[in-house]
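Residue numbers (full-length UniProt numbering): 1 to 234.
Here it is in structure tokens:
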């Protein structure tokens, strides 16, 4: 994503990127009158991420909701440093497996129709996973990241944390629902929190779709909503 904010029609500023193959105006801010008019006339076919108020105005004018999400953050100073063990029969391992080894569990965790599935294209998910795990997509993978493997050394769950512009960011939190006991995802995230706190990190961030019930798990583990945004297709 371009690191300089763009300005359009003196009405909005934004970061320009690409999302799901579309041009993307991210973190849109209103800087003048006529913001909705400017977006509807100048960004046809774009994905636009903005405040819920602006996004709902765009929807009223014909835009389609792509995602309604919350940014959440956990203060790691409040995390109890108690050691966390993987479920019986499973092991925590570093996030050093190949994309091909990790992908099946991610696809099982986020089947078509899941509110946090990144795209409807399995092939695209696979192509984006390699640069993510190699630290080329949003930033380096941090050592606090963990994968869960079963007795056959197959990856069945994990939490991937990247350095996103200086913010420790959970880019993937997943578990294979058929191959792991309930609670494995929350346990893995708890273990990552402990590792992150011990490494000196101050906080962990993530984004979760409004309709995803996992939001309740994050809240139970100390994450709080710091920002809400909506992404629409104009």
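Glycine residues also receive a C-beta, built at the ideal position from the N, C-alpha and C atoms.
Alpha-carbon spacing of residue i relative to residue j, whole angstroms
{"i": "residue 178", "j": "residue 157", "result": "11 Å"}
{"i": "residue 60", "j": "residue 66", "result": "14 Å"}
{"i": "residue 196", "j": "residue 100", "result": "26 Å"}
{"i": "residue 87", "j": "residue 54", "result": "44 Å"}
{"i": "residue 6", "j": "residue 18", "result": "14 Å"}
{"i": "residue 102", "j": "residue 122", "result": "13 Å"}
{"i": "residue 105", "j": "residue 9", "result": "45 Å"}
{"i": "residue 199", "j": "residue 129", "result": "25 Å"}
{"i": "residue 42", "j": "residue 20", "result": "19 Å"}
{"i": "residue 94", "j": "residue 143", "result": "7 Å"}
{"i": "residue 64", "j": "residue 44", "result": "12 Å"}
{"i": "residue 113", "j": "residue 125", "result": "14 Å"}
{"i": "residue 84", "j": "residue 186", "result": "11 Å"}
{"i": "residue 98", "j": "residue 111", "result": "21 Å"}
{"i": "residue 30", "j": "residue 183", "result": "42 Å"}
{"i": "residue 80", "j": "residue 34", "result": "49 Å"}
{"i": "residue 219", "j": "residue 213", "result": "11 Å"}
{"i": "residue 215", "j": "residue 169", "result": "16 Å"}
Candidates the options: closest to residue i by CA position
{"i": "residue 164", "options": "16, 67 and 132", "result": "132"}
{"i": "residue 50", "options": "26, 189 and 4", "result": "26"}
{"i": "residue 90", "options": "113, 80 and 146", "result": "146"}
{"i": "residue 151", "options": "92, 81, 118 and 45", "result": "92"}
{"i": "residue 32", "options": "14, 211, 215 and 45", "result": "14"}
{"i": "residue 175", "options": "162, 233 and 189", "result": "189"}
{"i": "residue 138", "options": "110, 36 and 162", "result": "162"}
{"i": "residue 58", "options": "36, 77 and 183", "result": "36"}
{"i": "residue 171", "options": "117, 219 and 28", "result": "117"}
{"i": "residue 191", "options": "82, 40, 3 and 153", "result": "82"}
{"i": "residue 202", "options": "24, 77 and 22", "result": "77"}
{"i": "residue 233", "options": "214, 52, 136 and 62", "result": "62"}
{"i": "residue 96", "options": "119, 231 and 134", "result": "134"}
Contact belief for residue i with residue j at Cβ below 8 Å, rounded distance in angstroms
{"i": "residue 12", "j": "residue 47", "result": "14 Å between Cβ atoms; not a contact."}
{"i": "residue 222", "j": "residue 167", "result": "Residue 222 to residue 167, Cβ: 17 Å. No contact."}
{"i": "residue 160", "j": "residue 141", "result": "6 Å"}
{"i": "residue 209", "j": "residue 69", "result": "5 Å"}
{"i": "residue 149", "j": "residue 180", "result": "The Cβ separation is near 11 Å, so there is no contact."}
Coil, strand or helix - residue i by DSSP
{"i": "residue 17", "result": "strand"}
{"i": "residue 197", "result": "helix"}
{"i": "residue 99", "result": "helix"}
{"i": "residue 125", "result": "helix"}
{"i": "residue 175", "result": "strand"}
{"i": "residue 43", "result": "coil"}
{"i": "residue 216", "result": "helix"}
{"i": "residue 33", "result": "coil"}
{"i": "residue 192", "result": "helix"}
{"i": "residue 184", "result": "helix"}
{"i": "residue 221", "result": "coil"}
- Is the segment 220-227 in contact with the segment 67-78, if contact means three or more CB pairs nearer than 8 Å? yes
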